Amino acid sequence: MNKPLRRIAIFCGLLVLALLLRDNWLQYVQADSLRTNPENRRVAIERYATPRGDIIVDGNPITGSVEAKHGDFKYKRTYKDGAMWAPVTGYSSQAFGSTQLESIDDGILSGTDDRLFFRNTLDMITGKQKQGGNVVTTLNQAAQKAAFDGLKAQGGKGAVVALEPSTGKILALASYPSYDPSTFAGNSTDVDSKNWTKLQKANDPADPMLNRALRETYPPGSTFKVVTAAAALENGLYTSADTPTNSPLPWIMPGTTTPLKNEGNIPCKNATLRAALQYSCNSVFGKIGSDLGNAKMLAEAKKFGFDSPQDTPVRAWPSVFSDKMNQSQTALSSIGQFNTAATPLQMAMVASAVANDGKLMKPYMVDKLQSSNLDTLTQTQPEELSRPLTSQNAQILQDMMKTVVEQGTGTNAKIDGVTVGGKTGTAQHGVANSANPYAWFISFAKLPDGSSPVAVAVVVEDESANRDDISGGGLAAPIAKSVMQAVINSKK
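Throughout the sequence shown, residue numbering follows the working numbering, covering 1 to 492 in sequence.
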């Protein structure tokens with residue numbers, strides 16, 4: 001071969017080599033980044049070319065898919081009772097992406113998860129259309145409906161969380177006001193965008209897309225006294241529900257000349273723990289917090305889950321009990337004010353741990369993931385999170401909370417033939433307590449066989465109500481009662 005031809009051959013060989021290197025670089029090194037590039041419309045078209053799998057409650061789908069009327073995305077998401085279930089499902093929109101279970105388990109629902117490889121390969125061989133898998137939840141439909149309908153009837157804002165104490169299963173997760181994810185599930189520039197824009201907080205101050213059950217923290221008010229009572233028992237400050245406490249009246253907060261006042265003329269001087277919880281004595285529980293000190297109160301709050309995010313698997317914001325507080329600040333925090341803030345999920349966890357004899361189970365809402373032919377891919381196993389109380393102290397606290405419902409501020413939660421324990425709360429809100437307070441109620445139910453099928457937390461915000469009419473026992477306890485009844489009836 002002469003010299004010019006040899007040079008041309010070498011040059012062509014180098015071009016082929018460069019092409020092979022580039023091809024391999026694209027196919028293997030950059031494959032994932034190209035596949036997930038938002039500008040790669042072919043991926044999005046393929047994503048919506050088949051129906052999504054479903055999110056399941058009580059064996060029935062609460063989601064679906066229909067053929068879209070506009071654009072090149074073939075299928076779009078639909079929701080049954082979308083507003084009721086939105087805090088659980090989140091949304092899946094062709095135009096605006098996805099959130100919550102729709103996002104976390106998108107690979108299963110869209111059929112792209114590696115765990116579905118065998119199923120997808122088999123379907124390809126048999127010529128069957130690719131299908132997404134299912135997300136089977138722990139939710140109880142009757143409990144969710146009772147929670148959502150109860151909040152809706154109040155007409156304000158609020159949230160409900162119900163847990164199964166023995167496992168941590170989330171039975172209800174409701175937030176109000178809410179939204180229907182179906183209204184912007186497509187990709188129509190007119191309809192879907194208009195509906196999406198209307199739901200944004202800038203256009204709707206009620207913020208219907210806020211998941212108040214998981215993503216809003218409130219001062220828990222007197223419901224936090226359950227945590228303070230637990231701290232008193234666990235640290236040996238008091239060992240019985242019926243021993244008088246060292247609680248003078250008035251009690252002046254350390255370093256101040258300010259007494260910690262109680263609501264009304266109630267018997268709080270040297271009250272027992274039982275009476276203090278029954279009448280909700282600020283002076284007793286504030287002094288307990290001050291006597292124990294910030295470090296011990298913080299340690300007990302953390303055992304209940306405060307100061308840690310909770311993945312359900314949807315992430316809940318951390319609830320807060322502060323560090324480095326002086327005695328007076330600790331006293332106020334110990335009655336659920338000052339810096340103390342909690343999600344409804346967190347306060348349901350408090351009631352659940354007490355009901356479960358001191359064992360706090362990790363809350364979760366996905367029972368299992370399934371392939372399209374209903375084979376189980378993964379199954380969630382209950383997991384112990386912590387032990388905030390000994391069994392003995394938990395039973396003392398159960399009995400104290402039972403007194404609150406039978407003789408105290410929580411009588412609206414009574415259920416015939418069922419032992420109910422609870423705690424009301426009316427939490428201050430706004431600068432100098434200028435806004436209407438939040439109404440709280442936490443509770444658990446125990447059946448005659450000693451089992452505890454449900455623990456509940458309810459918070460209600462009602463800006464239009466008469467301030468004097470707002471109370472945890474009046475607004476929140478009836479909702480908790482209906483949720484507990486729904487769970488109990490579903491187990492018969």
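Glycine included, C-beta positions come from ideal geometry on N, C-alpha and C. Bear in mind that the values here come from a model prediction, so they are computed numbers and not experimental data.
Beta-carbon separation of residue i and residue j under 7 angstroms?
i: Ser-193; j: Pro-254; result: no
i: Ser-319; j: Phe-306; result: yes
i: Gly-408; j: Phe-444; result: no
i: Asp-357; j: Ala-394; result: yes
i: Val-405; j: Lys-414; result: yes
i: Gly-82; j: Asp-180; result: yes
i: Lys-303; j: Pro-220; result: no
i: Gly-168; j: Pro-363; result: yes
i: Gly-410; j: Ala-351; result: no
i: Met-400; j: Arg-315; result: no
i: Ala-230; j: Met-347; result: no
i: Pro-205; j: Ser-178; result: no
i: Met-297; j: Ser-334; result: yes
i: Asn-412; j: Gly-336; result: no
i: Pro-259; j: Pro-267; result: no
i: Ala-496; j: Lys-74; result: Since the first residue of the chain shown is 1 and the last is 492, residue 496 is not available in this structure.
i: Leu-345; j: Leu-139; result: no
i: Val-459; j: Tyr-279; result: no
Determine the direct distance from the alpha carbon of residue j to that of residue i, and round the result to whole angstroms.
i: Thr-426; j: Leu-374; result: 46 angstroms
i: Pro-248; j: Gly-286; result: 12 angstroms
i: Arg-115; j: Val-136; result: 16 angstroms
i: Ala-153; j: Gln-144; result: 14 angstroms
i: Trp-312; j: Glu-67; result: Note that residue 312 corresponds to Thr in the displayed sequence, not to Trp. Those two C-alpha atoms are separated by around 31 angstroms.
i: Arg-77; j: Gln-310; result: 28 angstroms
i: Pro-244; j: Asn-195; result: 59 angstroms
i: Ser-490; j: Ala-142; result: 7 angstroms
i: Ala-9; j: Leu-21; result: 18 angstroms
i: Asp-190; j: Ile-108; result: 30 angstroms
i: Ala-185; j: Tyr-91; result: 7 angstroms
i: Val-431; j: Asp-367; result: Because Val-431 sits at a pLDDT of 40, beneath the cut-off of 50, its placement in the model cannot be relied upon, and the following sentence gives the value as read from the coordinates. Using only the alpha carbons, I get a separation of about 42 angstroms.
i: Thr-419; j: Thr-257; result: 42 angstroms
i: Ser-452; j: Gly-417; result: 13 angstroms
i: Thr-197; j: Thr-183; result: 11 angstroms
i: Ala-18; j: Cys-12; result: 10 angstroms
i: Phe-441; j: Lys-69; result: 46 angstroms
i: Ser-322; j: Met-349; result: 19 angstroms
i: Leu-199; j: Arg-42; result: 30 angstroms
i: Glu-463; j: Gln-100; result: At Glu-463 the pLDDT is 48, less than 50, meaning the model places this residue with poor confidence; the figure from the coordinates comes in the next sentence. Whole-angstrom Cα-Cα distance: 29 angstroms.
i: Ala-105; j: Lys-130; result: With the sequence shown as reference, residue 105 is identified as Asp, and Ala is not the correct amino acid for it. Distance between the alpha carbons of Asp-105 and Lys-130: 17 angstroms.
i: Val-16; j: Pro-382; result: 57 angstroms
i: Arg-47; j: Ile-396; result: 55 angstroms
i: Asp-291; j: Asp-54; result: 53 angstroms
Residue i and residue j look like a contact to me (Cβ under 8 angstroms); what is the Cβ gap, rounded to whole Å?
i: Asn-203; j: Ala-95; result: Contact flag wrong, Cβ pair sits at about 17 angstroms.
i: Ile-62; j: Lys-80; result: 5 angstroms
i: Gly-111; j: Gly-133; result: 7 angstroms
i: Pro-300; j: Glu-384; result: The displayed chain sequence assigns Glu, not Pro, to residue 300. Contact doesn't hold; Cβ gap of about 17 angstroms is too wide.
i: Gly-59; j: Glu-461; result: At roughly 34 angstroms, the Cβ-Cβ gap does not stay under 8 angstroms, so Gly-59 and Glu-461 are not in contact.
i: Asn-270; j: Asn-246; result: 7 angstroms
i: Gln-398; j: Val-454; result: With 8 angstroms as the limit, Gln-398 and Val-454 do not qualify as a contact, their Cβ atoms being about 14 angstroms apart.
i: Ser-371; j: Leu-377; result: 6 angstroms
i: Val-487; j: Ala-162; result: 7 angstroms
i: Lys-423; j: Leu-277; result: 7 angstroms
Kindly say whether residue i, judged by its beta-carbon, lies nearer than 7 angstroms to any beta-carbon of chain D.
i: Val-487; result: Chain labels in this structure do not include chain D; a single protein chain is all it has.
**Asked** Does the region 237-255 come within contact of the region 470-487, defined as at least 3 CB pairs closer than 8 angstroms?
**Response** no
**Asked** Would you call the region 81-92 and the region 170-190 touching, i.e. three or more CB-CB distances under 8 angstroms?
**Response** yes
**Request:** Let me know the beta strand (DSSP E) ranges lying completely inside the region 230-316, each 3 residues or longer, listed in chain order.
**Result:** Within the region 230-316, not a single complete beta strand (DSSP E) segment reaches 3 residues in length.
**Prompt:** When the Cβ atoms of the region 340-354 are set against those of the region 263-279, are three or more pairs found closer than 8 angstroms?
**Reply:** The answer is no - the region 263-279 does not touch the region 340-354, with fewer than three Cβ pairs under 8 angstroms.
**Asked** What are the complete beta strand (DSSP E) segments, minimum 3 residues, inside the region 64-132?
**Response** 75-79
**Message:** With three or more beta-carbon pairs closer than 8 angstroms as the criterion, would you say the region 220-229 touches the region 267-285?
**Reply:** yes
**Prompt:** Which runs of the beta strand (DSSP E), 3 residues or longer, sit entirely within the region 143-172?
**Reply:** 157-163
**Asked** What are the uninterrupted segments assigned as beta strand (DSSP E) that are 3 or more residues long and contained completely in the region 169-193, given in chain order?
**Response** 170-176
**Request:** Just list the beta strand (DSSP E) runs in the region 345-402, keeping only unbroken ones of 3 residues or longer that don't cross its boundaries, in chain order.
**Result:** 366-370, 376-379 and 384-386
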